[in-house]
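The C-terminal residue of the sequence shown carries number 356 in this note's numbering, and the numbering is unbroken.
A virtual CB, placed ideally from N, CA and C, is assigned to each residue, including glycine.
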Amino acid sequence: MIDRGATKTVHVRAPGKINVFLKVGAVMPDGYHDLATAYQAVSLYEDVFASPASDFSVVFEGGHIDTSGLETDGSNLAIRAARLLARRAGYREGVSLRISKNVPIAGGMGGGSADAAAALLACDTLWGTDLGRDELLALASELGADVPFALAGGTAIGTGRGDQLSPALAKGQFQWVLVLPEHGVSTPEVYRELDRHRERHAQDIFPAQGQPLVDADVLQALRAGDPHMLAESLSNDLQAPALHLSPGLATVLEVGEQNGALAGIVSGSGPTVAFLAADLDGALELQIALSAARHHVVRATGPVAGARVVAD
Ligand code: C5P
45 MIDRGATKTV HVRAPGKINV FLKVGAVMPD GYHDLATAYQ AVSLYEDVFA
95 SPASDFSVVF EGGHIDTSGL ETDGSNLAIR AARLLARRAG YREGVSLRIS
145 KNVPIAGGMG GGSADAAAAL LACDTLWGTD LGRDELLALA SELGADVPFA
195 LAGGTAIGTG RGDQLSPALA KGQFQWVLVL PEHGVSTPEV YRELDRHRER
245 HAQDIFPAQG QPLVDADVLQ ALRAGDPHML AESLSNDLQA PALHLSPGLA
295 TVLEVGEQNG ALAGIVSGSG PTVAFLAADL DGALELQIAL SAARHHVVRA
345 TGPVAGARVV AD
């Protein structure tokens, strides 16, 4: 926390995520799909600074992402998070939020969800509402399917909409090389594309009706901290619809796999592509090869902690 005389600012950092496994089941009555996913929080962070104010506002600054297209009105998820907490806690003032973004926008890595998770924790700390972890997680799940995981971090299994979390045992650090998209895609559009595909190919509907489960192989690979095993079991039901909507991603996947990646996967609903490397040297080589092919590339490791107050 920064305390400059009467103006205190709380700084919270929250991570982006990769879904190392994502199975999409049937559409539920609320319109969401039933999921089974394994999340890993990775070292691309959103930094949110919250200062006292009489109203609610957000600005984006710094970071490595072009934020010019982002909404800063009441539709912004970080503002919605702050307002939700104020309502629940009976807090009558507002907050001024500053966000420094490093997670790609609409990239399938949960950047907006990380902003919301960080805003919840920052306001809870700034206002002294002290709701506690379980209540914050409940508010987070009202804001979006991935928001609870951005609070929790680490490695976790998500079921239901992806918001019902249970911890997963994980060892070691995985090395990722991420190809960041020039343009984002809309998550609902990717789910709709999956639904259209399943309607066209009626035989694919049947497996989607059962309760989706995370494969035992993924859990074992995470427990063992073994990148070779994890590479074998990476899987994402949203990859095919994401490739359909952004056909260029197929070439990105090929280039990565030809240049030493153990495996590549579209992250969440995409279009960020995440490559798993065997070790740091492999990740550095892959980063150079993909950069040479004119992709926007960053490295990240995981798992990392969820939203945390940073003592500046
Ligand atoms: O919860 P969030 O706002 O991140 O979800 C964005 C959209 O993604 C939802 O409106 C829905 O269209 C789709 N979605 C889904 N099933 C899920 C998660 C997301 O259909 N489990």
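Same chain only: Cβ atoms within 8 Å of residue i, ignoring 5 sequence neighbours per side
i, result
"residue 324", "219"
"residue 252", "Any answer about residue 252 is weak, because its pLDDT of 48 lies below 50 and its placement is not dependable; what the coordinates show is given next. 68, 69, 70 and 242, listed in sequence order."
Beta-bridge pairing of residue i - partner residues as DSSP gives them
i, result
"residue 220", "320 and 344"
"residue 308", "319"
"residue 279", "65"
"residue 203", "80 and 208"
"residue 141", "94 and 102"
"residue 197", "349"
"residue 85", "61"
"residue 71", "77"
"residue 354", "55"
Alpha-carbon to alpha-carbon, residue j and residue i
i, j, result
"residue 308", "residue 319", "4 Å"
"residue 66", "residue 101", "34 Å"
"residue 288", "residue 77", "19 Å"
"residue 281", "residue 295", "19 Å"
"residue 215", "residue 99", "44 Å"
"residue 257", "residue 304", "30 Å"
"residue 333", "residue 298", "12 Å"
"residue 277", "residue 88", "23 Å"
"residue 83", "residue 183", "19 Å"
"residue 234", "residue 313", "6 Å"
Presumed contact (8 Å Cβ cut-off) between residue i and residue j, rounded CB distance
i, j, result
"residue 162", "residue 351", "5 Å"
"residue 229", "residue 286", "7 Å"
"residue 273", "residue 283", "With 8 Å as the limit, residue 273 and residue 283 do not qualify as a contact, their Cβ atoms being about 19 Å apart."
"residue 121", "residue 160", "4 Å"
"residue 316", "residue 225", "6 Å"
Beta-carbon proximity list for residue i, same chain, < 6 Å, skipping 5 on both sides
i, result
"residue 331", "221, 341 and 343"
"residue 93", "53, 55 and 142"
"residue 116", "102"
"residue 347", "84, 85, 198, 199 and 214"
Beta-carbon contacts of residue i that lie in its chain and below 7 Å, excluding the five residues immediately before and after
i, result
"residue 168", "129, 174, 175 and 180"
"residue 158", "58, 59, 60, 90, 147 and 194"
"residue 268", "215"
"residue 205", "76, 79 and 189"
Any non-hydrogen atom of ligand 2 closer than 8 Å to residue i Cβ
i, result
"residue 332", "In terms of ligand content, the structure shown lacks ligand 2 and carries ligand 1 instead."
Hey, which residues come within less than 6 Å of ligand 1, measuring from Cβ to any heavy atom, in chain order? A distance filter of 6 Å between CB atoms and the heavy atoms of ligand 1 selects the following residues in sequence order: 76, 77, 79, 188, 189, 190, 205, 206, 231, 232 and 235.
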